[in-house]
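Residue numbers 1 to 120, in this note's numbering, belong to the letters of the sequence shown in order. Where a beta carbon is used, it is the ideal one built from N, C-alpha and C, also for glycine.
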Amino acid sequence: MQRHINIVAGLYIALSILLLLITAFLVAVVTGAAPLIDVDAVEGIVIVIAWIIAVFWVAVAAAGIAIGAALKQRHSWARIATIVVSIVNLLNFPIGTAVGLYALWVMLNPETIRLFDRSR
């Protein structure tokens, strides 16, 4: 089960880094394309909304990286945090659903529960 825990940790870190890259790309595209809009008010609204979404995505990615790192170090809180994030990820079809199901299977396994109970 240790191997599966490491795989889940790696998946959360990798997907979080991918989310950061997508966020940077989308911010660059939106802020670059916003001046092409003729109406100044709409341009400003588009940029503000893009930045709000970007900040949210960066926070989500930071949480994913933190959870992945904590899983690798076997922190006791990481198991519960992974369960919570995995439940939310089930809504993110198709990749989030697959990763969420796999992570739930790993984190709810009795052997995993024992491993994280020992790390307290």
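Neighbour-count burial assignment, residue i, 16 or more Cβ in a 10 Å radius
i    : result
S86  : buried
A24  : exposed
N89  : buried
I95  : exposed
I5   : buried
V106 : buried
F116 : buried
V42  : exposed
Best match in the options for proximity to residue i [C-alpha to C-alpha]
i    : options            : result
V99  : A41, V42 and V84   : V84
I17  : D117, A63 and A103 : A63
Y12  : A69, I53 and M1    : A69
I126 : I67, L91 and N92   : Here the chain comprises residues numbered 1 to 120, so residue 126 is not present and cannot be evaluated.
Presumed contact (8 angstroms Cβ cut-off) between residue i and residue j, rounded CB distance
i   : j   : result
V60 : L19 : 7 angstroms
M1  : T82 : The Cβ separation is near 13 angstroms, so there is no contact.
V46 : A54 : Wrong, their Cβ atoms sit about 12 angstroms apart, outside the cutoff.
Pairing CB atoms from the segment 22–30 with CB atoms from the segment 65–73, are three or more of them under 8 angstroms?
no
Which runs of the alpha helix (DSSP H) at least 4 residues long sit entirely within the segment 59–112? Give them in chain order.
Taken in chain order, the whole alpha helix (DSSP H) runs of length 4 or more contained in the segment 59–112 are 76–89 and 95–107.
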